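Number of protein chains: 2
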Amino acid sequence: MVRDPDQSASGLHAEAHHHHAIDADAVQSRARAYATSKSIPFTSMRQRVLALLAASGKPMAAYEIAEKLSDARRVQAVQVYRALEFLQEAGCVHRLVSRSAYFACDHLHGSGETVVFMVCSQCGAVQEAASDVVARGLRGVAKTTGFKPRHPIVELEGDCANCAGEPAG
Amino acid sequence: MVRDPDQSASGLHAEAHHHHAIDADAVQSRARAYATSKSIPFTSMRQRVLALLAASGKPMAAYEIAEKLSDARRVQAVQVYRALEFLQEAGCVHRLVSRSAYFACDHLHGSGETVVFMVCSQCGAVQEAASDVVARGLRGVAKTTGFKPRHPIVELEGDCANCAGEPAG
DNA sequence: GACATGGCGTTATAATGTTACATTCGTTGT
DNA sequence: ACAACGAATGTAACATTATAACGCCATGTC
Ligand SMILES: [Zn+2]
Ligand SMILES: [Zn+2]
Ligand SMILES: [Zn+2]
Ligand SMILES: [Zn+2]
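Which chain is which? The protein sequence lines are A and B, in order. Numbering follows numbering that gives the first Met the number 0, with no gaps: position 83 of the first sequence is 82. Numbering follows numbering that gives the first Met the number 0, with no gaps: position 96 of the second sequence is 95.
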């Protein structure tokens with residue numbers, strides 16, 4: 000991820016050329032820790048969904064996940080939704096409202112943090128960036144209208160650095 | 000609507016206590032003007048959908064619109080979606096991704112403008128505010144990651160000024 | 001072991017959105 | 001007036017996304 004004023008390639012996947020599969024071990028550890036802290040099990044289904052999303056590195060629809068996880072036994076969408084609910088609570092997975100898709104996240108988001116999801120229209124990849132400027136702007140408009148914000152949704156549709164160069168077909 | 004640094008009650012519906020039905024005439028004029036400019040008709044169905052949304056003043060689901068518009072003849076969802084497509088192009092209607100709902104808008108949005116939708120969890124009312132600060136923040140994170148943004152989605156879930164006072168059930 | 005809790009597997013259903021196609025309507029050209 | 005064309009409509013079917021209901025089973029507690 001990338002923080003606002005910081006232009007360096009700190010957490011940035013600098014040379015990731017094909018879709019940056021995120022750190023599966025790290026994200027799994029966080030899910031496990033969350034489960035432990037809440038005294039709820041990090042079950043097989045939850046692990047499978049998270050592992051798939053982490054390996055993919057791109058947003059996937061719930062039914063797509065169900066299909067990929069199906070082998071002899073068919074995995075039903077409802078099972079995926081249940082796993083996703085846990086994983087979102089654990090902060091390991093986000094939902095893209097612009098695509099009704101889910102993707103794994105290996106960042107640790109602070110509670111007050113406002114995160115921007117940048118979704119590439121061409122390749123579907125998602126980049127995250129926390130922005131204090133955006134957060135301040137949101138607080139500003141909320142204050143102006145007396146609105147008490149609880150949860151922000153910020154997504155950008157556009158073209159990622161890779162695809163912007165090659166107009167693509 | 001409300002602009003960023005401007006704290007005054009310029010365009011703000013100051014004493015609107017019940018859900019501020021927006022200016023139906025104004026929004027209809029804009030739709031008609033858009034239709035004329037594109038040489039496409041502002042048909043009856045489009046007028047009916049817009050009129051209903053303007054009168055409601057609150058976001059409505061597509062199927063809800065279809066039901067309200069149905070009389071002797073049943074209005075099908077697909078007809079509503081087609082009308083909504085036109086109305087969104089005309090800039091008279093927005094879609095709330097957080098609710099899959101649509102609402103009329105009587106503002107005139109500049110092309111580069113970043114608009115924040117503030118959705119009250121309790122009463123469902125929506126306020127709009129254009130924010131230059133948010134726009135700048137979004138440009139910032141995009142630039143940092145080399146992302147070329149095309150269309151921003153910014154929504155805030157929370158409690159409006161009216162409902163924040165009365166905790167409500 | 002009895003019991004409660006919670007996840008799983010299954011089925012069904014709700015809610016949202018789209019495709020396909022024939023028909024109707026308004027416009028345009030002759 | 002008439003044919004022709006494109007756009008908007010009406011209708012049906014379908015696709016996608018998400019949730020509800022319910023019984024089963026594993027786990028932990030008493
Ligand atoms: Zn994240
Ligand atoms: Zn891309
Ligand atoms: Zn608006
Ligand atoms: Zn409210």
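The C-beta atom is built at its ideal place from N, Cα and C for all residues, glycine as well. Remember, it's a predicted structure, so these values are computed and weren't measured experimentally.
State the start and end residues of the unbroken alpha helix (DSSP H) segment that holds residue i.
i               : result
C162 of chain B : 160 to 164
Q46 of chain A  : 43 to 55
R72 of chain A  : First-last for R72 of chain A: undefined, no H or E at that position.
Where does the unbroken beta strand (DSSP E) through residue i begin, and where does it stop?
i               : result
A103 of chain A : 100 to 103
V79 of chain A  : It is not in any beta strand (DSSP E) - V79 of chain A instead sits in the alpha helix (DSSP H) that spans 76 to 88.
Q126 of chain A : 125 to 129
L95 of chain B  : 92 to 95
M117 of chain A : 114 to 119
Give the interface partners of residue i over in chain A, defined as CB-CB distance under 9 Å, in chain order.
i               : result
R149 of chain B : S120, L155, E156, G157, D158
S163 of chain B : Just to set this straight, residue 163 of chain B is Ala in the shown sequence, not Ser. Simply G145, F146, K147.
Using a threshold of 8 Å, state whether the C-beta atoms of residue i and residue j are closer than that.
i               : j               : result
V125 of chain B : F102 of chain B : yes
K142 of chain A : A163 of chain B : no
A65 of chain B  : A53 of chain B  : no
R98 of chain A  : Q87 of chain A  : no
R179 of chain B : S110 of chain A : Past the edges of chain B, shown from 0 to 168, lies residue 179 of chain B, and the structure says nothing about it.
V96 of chain B  : V96 of chain A  : yes
A71 of chain B  : Y33 of chain B  : no
For residue i, which beta-bridge partners are listed by DSSP?
i               : result
I152 of chain A : B:E154
R31 of chain B  : The partner list for R31 of chain B (beta bridge, DSSP) is empty, contrary to what the question assumes.
K37 of chain A  : For K37 of chain A, which the question treats as bridged, DSSP gives no partner whatsoever.
K147 of chain B : A:D158
Anything in chain B within Cβ reach of residue i, meaning under 8 Å, just list it in chain order.
i               : result
Q126 of chain A : T144, F146
S130 of chain A : G136, L137, G139, V140
Report the neighbours of residue i on chain A: residues whose CB is nearer than 8 Å to its CB, in chain order.
i               : result
I39 of chain B  : In chain order: nothing, as chain A lies at least about 25 Å away.
I152 of chain B : V96, S97, I152, V153, E154, L155, E156
A30 of chain B  : Those within 8 Å of A30 of chain B in chain A number zero; the least Cβ separation is about 25 Å.
Please list, in chain order, the chain A residues whose beta carbon lies closer than 7 Å to that of residue i.
i               : result
V115 of chain B : L137, V140
Report the neighbours of residue i on chain B: residues whose CB is nearer than 7 Å to its CB, in chain order.
i               : result
V133 of chain A : V133, G136, L137
query = Between the stretch 48 to 60 of chain B and the stretch 129 to 136 of chain B, do three or more beta carbon pairs fall short of 8 Å?
reply = no
Segment contact, 8 Å Cβ cut-off, at least three pairs: the stretch 37 to 47 of chain B with the stretch 66 to 84 of chain B = yes
request  = Answer yes if the stretch 58 to 71 of chain A comes into contact with the stretch 23 to 30 of chain A, meaning at least three C-beta pairs across the two stretches below 8 Å, and no otherwise.
outcome  = With fewer than three CB-CB distances shorter than 8 Å, the stretch 23 to 30 of chain A does not count as touching the stretch 58 to 71 of chain A.
message = Using 8 Å as the cut-off, can you tell me whether the stretch 111 to 130 of chain B makes contact with the stretch 153 to 167 of chain B, which would need three or more C-beta pairs spanning the two stretches below that distance?
response = yes
ask   = Taking contact to mean at least 3 C-beta pairs separated by less than 8 Å, is the stretch 108 to 119 of chain B in contact with the stretch 140 to 156 of chain B?
value = Touching, per the Cβ criterion.
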